[in-house]
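Take a look at the structure set out below.
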Amino acid sequence: MSRYPHLYQEIYDMIYRATTSISPDAVKIMREAIGKERNPTAKSIMQAMLDNVRLSGEKLRPLCQSPGFPTVYISFGDSSSPLEDIKQLWRDALIEGTNQHLLRPSMVDTLTRANPGDNSGLGVPNFEFDYHPAQNYLDMLVSFKGCGAELANAMKIFTVAELEKDRGFAGLKRWVLNTVIKGGGKFCPPGAIGIGLGGQMDVACKLARRTVSTRRWDDTHPDPRYADLEKELLENINSLGLGAAGIGGDTTLLAVKIDSVSTHTAIAPAAITFHCWAARRTYIRLHPDGQREILF
Amino acid sequence: MTEILLNTPLKETDIRRLKIGDVVFLKGSLMTSRDMGHLKIRQLLDNKENLPLDFNGSVILHAGPVVNMNRQGGYDLVVIGPTTSIRMEPYHRMVADLGVKGIIGKGGLGEDSLKDFAEYGQVYFQAAPGCAVLLAEGISEIKEVHWLELGVPEALWILEAQRFGPLVVGMDSHGKSIYQELREKAERKKEALYGC
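In order, the protein sequence lines correspond to chains A and B. The C-terminal position of the first sequence is numbered 496 in our numbering, with every residue numbered one higher than the one before it. The C-terminal position of the second sequence is numbered 197 in our numbering, with every residue numbered one higher than the one before it.
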């Protein structure tokens with residue numbers, strides 16, 4: 201029994217769209233970045249990226265060989281929960297997508313590295329559920345985040361002194377830039393970074409992944425303090441000259457996204473997660489009356 | 002930006018002519034290998050067993066493709082793109098000793114590799130990341146596969162390339178690494194912004 205007819209098909213379509221296109225906000229800022237790029241090699245690499253997106257749509261093939269790791273963000277209320285095993289539907293749709301070559305079978309047992317051949321691994325996909333009692337629709341967002349990018353991620357429990365609060369948080373900002381420099385070309389630039397601040401280690405890491413995966417890359421943070429910090433970090437990171445594919449240029453990142461919650465007075469946790477340029481994600485809203493909205 | 006078309010197997014004279022920043026396309030045979038593939042090569046060498054092919058003058062593509070098994074029992078390439086190369090850094094000397102002349106991937110390799118590149122006459126090519134459909138257009142067929150038991154991404158795929166690229170020379174055989182130079186410049190800029 202389900203509140204939503206064709207729920208499996210909706211999920212499969214999301215996977216199909218997410219693997220053969222990138223979200224429109226990412227296309228838009230990539231186009232703007234190409235217009236501003238002064239390094240001819242970087243410019244042609246970014247043009248190749250957009251050509252690749254177009255070819256992927258035309259040939260109905262996955263735009264990147266690596267499906268990355270999928271996380272599914274689901275939120276619902278009392279009158280809008282799906283009433284069925286939505287985790288199983290997602291797992292089944294991922295296996296079907298793999299059999300249809302939308303996804304390479306990349307998920308392996310972490311210790312033995314054994315590959316079942318269909319992305320049916322334990323804990324795949326990762327789910328993040330959110331419950332708001334009064335929400336009268338079901339939101340689903342799937343994000344495939346590349347795993348070369350994961351090699352550049354960093355997490356640090358700062359002390360208050362290390363933040364250098366009295367120097368405009370120079371300690372935190374220096375750490376962000378250090379992490380990006382160390383990342384080099386590993387994360388398929390020009391991508392985006394998510395920065396999670398607060399909570400404990402697990403919270404900061406989840407916030408970092410969530411903010412870069414679920415926010416539009418061209419939006420503005422509603423809190424002006426974080427909006428300013430995002431802008432400053434983006435401009436300064438791009439001034440480092442690492443560029444597309446890490447071979448030099450004006451555009452290393454398309455976006456910096458920050459999310460923050462409170463923490464304990466003794467600590468200042470911070471996490472950075474890298475996202476490749478290929479913003480493979482789709483976001484839909486289903487209403488129990490059968491209405492469907494595609495949010496990206 | 003001039004584009005250079007090179008044939009594989011690569012000759013040392015081809016390699017020595019290349020400099021960081023050059024844009025190259027490759028024609029001929031390419032092979033894929035990544036983490037488990039490199040480990041497998043090491044195991045075979047340690048056990049004094051034969052490798053399935055001659056690596057002399059070869060080009061290794063750090064990549065795991067998406068493939069489709071066709072009705073004739075052969076394989077068709079769906080898409081292919083580069084994976085992060087630094088994971089294969091611990092195998093650099095083994096790869097150099099095998100006679101591999103070119104490595105394609107993303108993000109570059111480390112300082113030890115760079116030294117070997119100069120000594121052995123090797124080059125590192127940066128492929129456009131995440132451009133798997135575009136790059137697959139340059140491959141005409143899958144010729145062979147070995148070690149499929151390691152899984153599709155980790156198997157050793159032998160591909161025939163018509164015009165594979167664009168590839169940017171990221172590390173050359175003259176001790177230059179585009180990644181290293183950019184990193185040093187970025188470090189200085191960062192210190193000017195936020196101190197060290």
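No residue lacks a Cβ here, since even glycine has one placed at the ideal position from N, Cα and C. Because the structure is a prediction, the values reported are computed rather than measured.
The three-state secondary structure of V169 (chain B), taken from DSSP, is strand. Leaving aside the five residues that flank K28 (chain B) on each side, the residues in its chain whose CB is nearer than 8 angstroms to its CB run, in chain order, L6, L7, N8, T9, A162, Q163, R164 and F165.
If you look at S30 (chain B), you'll find it in the beta strand (DSSP E) that goes V24 to T33. Chain-ordered listing is empty here: chain B has no CB closer than 8 angstroms to the CB of T379 (chain A), the nearest sitting near 11 angstroms.
Excluding five sequence positions before and after Y337 (chain A), the CB atoms of its chain that fall closer than 7 angstroms to its own CB belong to S280, R485, L486 and H487, given in chain order.
When only Cα atoms are considered, R409 (chain A) and T452 (chain A) end up about 19 angstroms apart. Rounded to the nearest whole angstrom, the C-alpha separation of G317 (chain A) and A466 (chain A) is 46 angstroms. A128 (chain B) sits close to P83 (chain B), with the two beta carbons spaced by under 8 angstroms. The bridge partners DSSP lists for M340 (chain A) are A:I274 and A:I484. When C-beta distances to chain B are compared with 7 angstroms, every residue of the segment 397-430 of chain A stays at or above that value.
DSSP places T298 (chain A) inside the alpha helix (DSSP H), whose first and last residues are I286 to N299. Between the alpha carbons of R313 (chain A) and P270 (chain A) lies a gap of roughly 18 angstroms. Residue environment: N48 (chain B) is assigned as exposed (fewer than 16 neighbouring CB atoms within 10 Å of its CB, all protein chains considered). Y208 (chain A) is positioned such that its CB atom lies no closer than 8 angstroms to that of A334 (chain A). Interface flag for N252 (chain A) against chain B is set, since a Cβ pair is found closer than 8 angstroms. Closest in C-alpha terms to L151 (chain B), from the list B:H39, B:E13, B:D23 and B:K190, comes B:H39. At the C-beta level, V68 (chain B) and D55 (chain B) stay beyond 8 angstroms of one another. The criterion of a C-beta distance shorter than 8 angstroms is not satisfied by G385 (chain A) and G297 (chain A). Against chain B, the CB of N436 (chain A) has a partner CB under 8 angstroms away; the residue lies at that interface.
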